[in-house]
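A.B. asks: Here it is, the structure in full.
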């Protein structure tokens, strides 16, 4: 399970069946899109950001930006850096998924989480121990 078998991590939660190839590709693409474009998504025309409590920021994207996952919640640490992004993808998992953000680095003066680890949230609210998907960013170039 985990990194070597990402589909197996959600097999019990994906409506009682293994993820099909399209679902695995979508999950991979969604995490990649969030890892790269996520820090800027709140700046899209029509996007709304709402403070949802101490250290929580809800981002509501226009349907055209992400029609399958238009809402996400950023959890922000005392240092002002986002460390988690919670969201729902009901066609893949009935509960909440969380992207754990770490290994932040500056690229052209912009701080980006270079490691993004997607995990299912357990019934008790804690992130699962197995990664659904890991994304590591080594270089970012802005043009």
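Residue numbers (the working numbering): 12 to 154. Note that CB positions come from ideal geometry on N, CA and C, so glycine has one too.
1) Starting from the C-beta of residue 53, find all residues in its chain whose C-beta is less than 7 Å away, skip the five residues before and the five after it, and write them out in chain order.
2) Buried or exposed for residue 41, please, with buried defined as at least 16 other CB atoms from any protein chain shown within 10 angstroms of its CB.
3) Using the DSSP secondary-structure output, state which residues sit across from residue 33 in a beta bridge.
4) In whole angstroms, what separates the C-alpha of residue 107 from that of residue 84?
5) Using a Cβ-based criterion (distance less than 6 Å to any ligand heavy atom), does residue 144 qualify as near the ligand ADP?
6) From this set, 154, 118, 97, which residue's C-alpha is nearest residue 138's C-alpha?
7) Near residue 133, what residues of its chain come up, given a Cβ to Cβ distance below 7 Å and the 5 sequence neighbours on each side ignored?
8) Does DSSP put residue 150 in a helix, a strand or coil?
C.D. replies: Looking at the atomic coordinates:
1) Indexing the chain shown from 1 puts residue 53 at position 42. Once the five neighbours on either side are set aside, the close Cβ partners of residue 53 are 60, 70.
2) On the chain shown, position 30 is the one that residue 41 refers to. It counts as buried.
3) Counted from its first residue, the chain shown places residue 33 at position 22. DSSP output for residue 33 lists no bridge partner at all.
4) Counting from 1 along the chain shown, the entry for residue 107 is found at position 96. Counting from 1 along the chain shown, the entry for residue 84 is found at position 73. Going from the Cα of residue 107 to the Cα of residue 84 covers about 11 Å.
5) The ligand content of the structure shown is nil, which means the ligand ADP is not present either.
6) As a working mapping, residue 138 is identified with position 127 in the chain shown. Residue 97 holds the alpha-carbon nearest to the alpha-carbon of residue 138 among 154, 118, 97.
7) Indexing the chain shown from 1 puts residue 133 at position 122. Cβ neighbours of residue 133 beyond the five flanking positions: 139.
8) Counted from its first residue, the chain shown places residue 150 at position 139. Look at residue 150 here: in three-state DSSP terms it is coil, with no helix or strand label.
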